[in-house]
Amino acid sequence: MKHTEAFEKLVADIKSQVREISTSEVLEKLDRKDSFHFVDVREDHEWLEGHARGASHIGRGIIERDIEKLIPDYGAPIVLYCGGGFRSALAAFNMQKMGYTNVISMDGGIRRWRELAYPEEKPVEVKQASKA
Numbered sequence: 001m002k003h004t005e006a007f008e009k010l011v012a013d014i015k016s017q018v019r020e021i022s023t024s025e026v027l028e029k030l031d032r033k034d035s036f037h038f039v040d041v042r043e044d045h046e047w048l049e050g051h052a053r054g055a056s057h058i059g060r061g062i063i064e065r066d067i068e069k070l071i072p073d074y075g076a077p078i079v080l081y082c083g084g085g086f087r088s089a090l091a092a093f094n095m096q097k098m099g100y101t102n103v104i105s106m107d108g109g110i111r112r113w114r115e116l117a118y119p120e121e122k123p124v125e126v127k128q129a130s131k132a
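In the working numbering, the protein residues as written are 1 to 132.
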């Protein structure tokens, strides 16, 4: 996706203020069974198309509103990801402003995850009963 110059400038400034982690480092954490929250911040329809193995979902549009209910520990290790690493950086920045001290954005997002053919999950299809 082509982003506007103003948006790219905003994200570049924010990325200088948040920690980032590579997709390979995240996969290593998952394989070691490290304890951390792995959160997909993409839109609902993106999540339903498939997501990184082991991730949970809190959409970018509601993360600031709901994060304290879902992850009340401000020191909990949290890795956020999105499509390419822009929305997750914005979410990480806002979470830091809210007091979260151990939040990291996954650089490259699900696009990089998929380029490397890392494990992905898709929701189980719910079959509707046919009406007689």
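Where a beta carbon is used, it is the ideal one built from N, C-alpha and C, also for glycine.
Unbroken alpha helix (DSSP H) run spanning residue i, endpoints
i    : result
H37  : Looking at the DSSP string, H37 is not in any alpha helix (DSSP H); the run it does join, the beta strand (DSSP E), is 37-40.
S16  : S16 -> no alpha helix (DSSP H), and no H or E assigned at all.
H45  : 44-48
G99  : From DSSP, G99 is part of no alpha helix (DSSP H); its letter is neither H nor E.
G109 : 109-115
Own chain residues within Cβ distance below 8 angstroms of residue i, not counting five before or after
i    : result
S24  : L116
V126 : Reliability fails at V126, whose pLDDT of 38 lies under 50, so the model's placement of it is uncertain and the value that follows must be treated cautiously. Hits under 8 angstroms: none found.
I67  : I58, M95, M98, Y100
G61  : E43
Q128 : In this prediction, Q128 scores a pLDDT of 42, lower than 50, which makes its location untrustworthy; the coordinate-derived value is nonetheless stated afterwards. Closer than 8 angstroms at Cβ, skipping near neighbours: no residue.
The beta strand (DSSP E) enclosing residue i, as first and last residue numbers
i   : result
E20 : 19-21
Cβ-based neighbour list, residue i, same chain, cut-off 6 angstroms, excluding 5 preceding and 5 following
i    : result
E46  : none
R112 : T23
A132 : Caution is warranted here: a pLDDT of 42 is assigned to A132, below 50, making its placement in the model unreliable, and no coordinate value can be reported.
S130 : The pLDDT assigned to S130 is 40, lower than 50, so where the model puts this residue is not dependable, and the model offers no usable value.
T4   : none
Contacting residues, own chain, Cβ-Cβ under 7 angstroms from residue i (five flanking each side not counted)
i   : result
A92 : V18, L80, V103, I104, S105
K29 : F36
K15 : A89
A76 : H37, N102
L27 : Y118
Y74 : G99, Y100, T101
L48 : P123
Closest Cα partner of residue i within the set the options
i    : options            : result
R109 : D13, L70, D66, G84 : According to the sequence as given, residue 109 is Gly; it is not Arg. Nearest option by C-alpha distance: G84.
H51  : I62, V39, G61      : V39
G70  : Y100, K29, E121    : Correcting the residue type first, residue 70 is Leu in the shown sequence and not Gly. It is Y100.
M133 : E64, D44, E8, E5   : Outside the shown range of the chain, which is 1 to 132, sits residue 133, and nothing can be said about it.
F7   : C82, F86, R32      : F86
Tell me the start and end of each unbroken alpha helix (DSSP H) in the region 54-84 that is at least 4 residues and wholly inside, in chain order.
As far as the region 54-84 is concerned, its whole alpha helix (DSSP H) runs of at least 4 residues are 63-70.
Any contact between the region 52-63 and the region 29-43? By contact I mean 3 or more CB pairs, one from each, below 8 angstroms.
The region 29-43 and the region 52-63 touch, with three or more beta-carbon pairs separated by less than 8 angstroms.
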